[in-house]
Amino acid sequence: MWIAFAIDVVYSEKVNTEKVTQFCEKIYHSIIMNSIFLANAILHASHMGTWYPAGNQLTTMFDKAYSAASVSSSQKLVRAIIVPHAGYSFCIRTSMNAFKSIDPSLYDRVFVLGPSHQIPIRYCTIADASSAESPYGDIPFDVEVAEHLLNKFPSLFKKLDCRTAEIEHSLEIEFPILKYIFREKPFTLVPIMVGSISYKMCEKVAEALSEYASDPRTLFVISSDFCHWGARFGYQYLPEGDGKIYQKITQLDKEAADMIATGDSLKFKSYIDKTQNTICGRLPIMIMMHMFGEMEAEFPAYSLSENITSKYDSSVSYFAGVIRA
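Note that our numbering numbers the sequence shown so that position 278 is 258, with each residue one more than the last.
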């Protein structure tokens, strides 16, 4: 309808001011209604009850993992963490070693970047919502930041309706843990699903996020599992040398961690190109590396879903990473 109005205005021998006014009003109304929708929708916790429990069972699980997690002696500010996004029974003991490094009093905003497993996209998306549901209460989105990214970088960021966004688990898995860590400390959330984008586009996304990366009160959570090994994942590469399969997988993942710790995204890309390691969040990791460059990285915890010894078995690996800059 907008196009029809525009054509009518452009090709009229005499500009019809009434139609121009109607055209502008329709655009304005659409923008306002779009903002209202963004400001009222809730991203529901569609994986609660399957990938993770709720209520006392969840709190008990978190309390145990938090108590067992280690704490670094470094005094540098944590700018980002790398954490897995599997079901909590598989990865929470590993994840909490990164989450425990967070001092909630130091942050007002949290970006969560995760890969898209189910939705074939070649850009980044932001859920068309104003908050995310969690077992500990809703977490408000930073709608102003979301709209800024969507409007200023339309080729990089696009809105995604809630129903579609709720299919993906890589972002949602981190929300309850963040709420548990922050407790009563208010914070806003910017969840970004990263599609199958190029290395060059990773650079552009990092540039778009650079103003937030330079804000010390903004934390970045990078959601990623590491090696998915086995025939069912279509990946059975192993480094040369002796050792059981799970030991070689560990070697493979630790090489990835070493590349990340260099802060050189090209080295990490070369590692991925060489090994094809099935690190599902490799693109969010690259975006983070572009943002922070020289950084201090440590990986306080690592685990596998199973210590496999047979080529007929499979496993998924999990790292907890803490990035200081």
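Here a beta-carbon is modelled for each residue, glycine too, at the ideal position from N, C-alpha and C.
Just to confirm my understanding: we take residue i, look at its own chain, exclude 5 residues before and 5 after, and list those with CB closer than 7 Å. What are they?
i	result
ILE99	THR144, ILE147 and GLU148
TRP209	TYR215, GLN216, ILE229, SER294 and SER295
THR1	In this prediction, THR1 scores a pLDDT of 48, lower than 50, which makes its location untrustworthy; the coordinate-derived value is nonetheless stated afterwards. Taken in chain order, the list of residues that qualify is empty.
Using a threshold of 9 Å, state whether the C-beta atoms of residue i and residue j are closer than that.
i	j	result
THR105	PHE137	yes
TYR192	PHE79	no
ASP43	ARG197	no
THR255	TYR226	no
PRO95	SER150	yes
PHE121	THR168	yes
CYS260	ASP195	no
ARG73	ALA48	yes
Determine the extent of the beta strand (DSSP E) in which residue i is found, giving its start and end residues.
i	result
CYS104	104 to 107
LYS165	No beta strand (DSSP E) contains LYS165, which DSSP labels as neither H nor E.
PHE42	Element bounds for PHE42: not the beta strand (DSSP E) but the alpha helix (DSSP H), 35 to 48.
VAL92	89 to 95
Residue i lies in the alpha helix (DSSP H); which residues open and close that run?
i	result
LEU57	Here LEU57 belongs to no alpha helix (DSSP H), and DSSP marks it neither H nor E.
TYR310	Here the chain comprises residues numbered -19 to 305, so residue 310 is not present and cannot be evaluated.
Residue i bridges to which residues according to DSSP?
i	result
PHE213	For PHE213, which the question treats as bridged, DSSP gives no partner whatsoever.
MET76	Answer is none; MET76 lacks a bridge partner.
SER297	LEU284
PHE200	ALA60 and PHE91
VAL302	ILE61 and GLU278
SER69	Bridge partners of SER69: none, in fact.
PRO171	VAL92
MET271	Looking at the DSSP assignment, MET271 forms no beta bridge with any residue, so it has no partner.
MET28	TYR32
I'd like the list of long-range same chain contacts for residue i, defined as Cβ closer than 6 Å, with 5 residues on each side in sequence excluded.
i	result
CYS71	PRO64 and TYR298
ILE153	HIS65
GLY67	TRP31
ILE101	GLY175
ILE307	Outside the shown range of the chain, which is -19 to 305, sits residue 307, and nothing can be said about it.
Does any CB atom of chain D fall closer than 9 Å to the CB of residue i?
i	result
VAL125	Absent here is chain D; the protein component of the structure consists of one chain.
How is residue i classed by DSSP in three states: helix, strand or coil?
i	result
LYS139	strand
ALA188	helix
ALA241	helix
PRO323	Because the chain is modelled from -19 through 305, residue 323 falls outside the range shown and cannot be assessed.
HIS208	strand
PRO156	helix
LEU232	helix
LEU86	helix
ILE99	coil
ILE265	helix
TYR292	coil
ILE12	Note that ILE12 has pLDDT 35, beneath the 50 cutoff, so the model's placement of it is unreliable and the number below is only indicative. The answer is helix: DSSP assigns ILE12 an H, G or I state.
ALA112	strand
ILE22	strand
HIS149	coil
CYS182	helix
Below 8 Å CB to CB, which residues in the same chain sit around residue i once its five sequence neighbours on both sides are set aside?
i	result
GLY243	MET269, PHE272, GLY273, GLU274, MET275 and ALA277
THR39	TYR160
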